[in-house]
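Here the structure is laid out as C-alpha cells; the discussion comes afterwards.
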Amino acid sequence: MARIKLEDIISHLGVEIKAAFTNTIRKEFPDLEFDKNKLFREFVNNIGKEAKKWEFVPDDAVEKGDY
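Mapped onto my numbering, the consecutive letters of the sequence shown carry residue numbers 31 to 97.
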C-alpha cells in the first residue's frame, strides 16, 4: 500500500477538482447560488478535518516516475 497526503493532492489538483465539484453542485442544485471559491475552500478544509494526515491507497492507484 502507498500513502498519500489527501489534502495536498486535492490542493495540487485544485483547478480540476474545483471545476468538477462546482459542476456537480450546479447539476444537483440548479437554483442554488454560491461562491465557488469559498465553497471549495470549505470543502478542502473539511477534507483536512475528516481525513488522516496520511491515507493509505492501493499500490495500483499510484505510479511514480520521472515524467
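Idealized CB from N, CA, C, for every residue including glycine.
In the structure shown, what three-state DSSP assignment does residue i receive?
{"i": "residue 86", "result": "strand"}
{"i": "residue 91", "result": "helix"}
Per DSSP, which residues does residue i bridge with? Please list them.
{"i": "residue 33", "result": "86"}
Tell me, to the nearest whole angstrom, how far the beta carbon of residue i is from that of residue j; I am working on the premise that it is less than 8 Å.
{"i": "residue 36", "j": "residue 85", "result": "5 Å"}
{"i": "residue 32", "j": "residue 87", "result": "5 Å"}
*Taking the runs of the beta strand (DSSP E) that are 3 residues or longer, which of them lie wholly in the stretch 39-74?*
Entirely contained in the stretch 39-74, not one beta strand (DSSP E) run reaches 3 residues.
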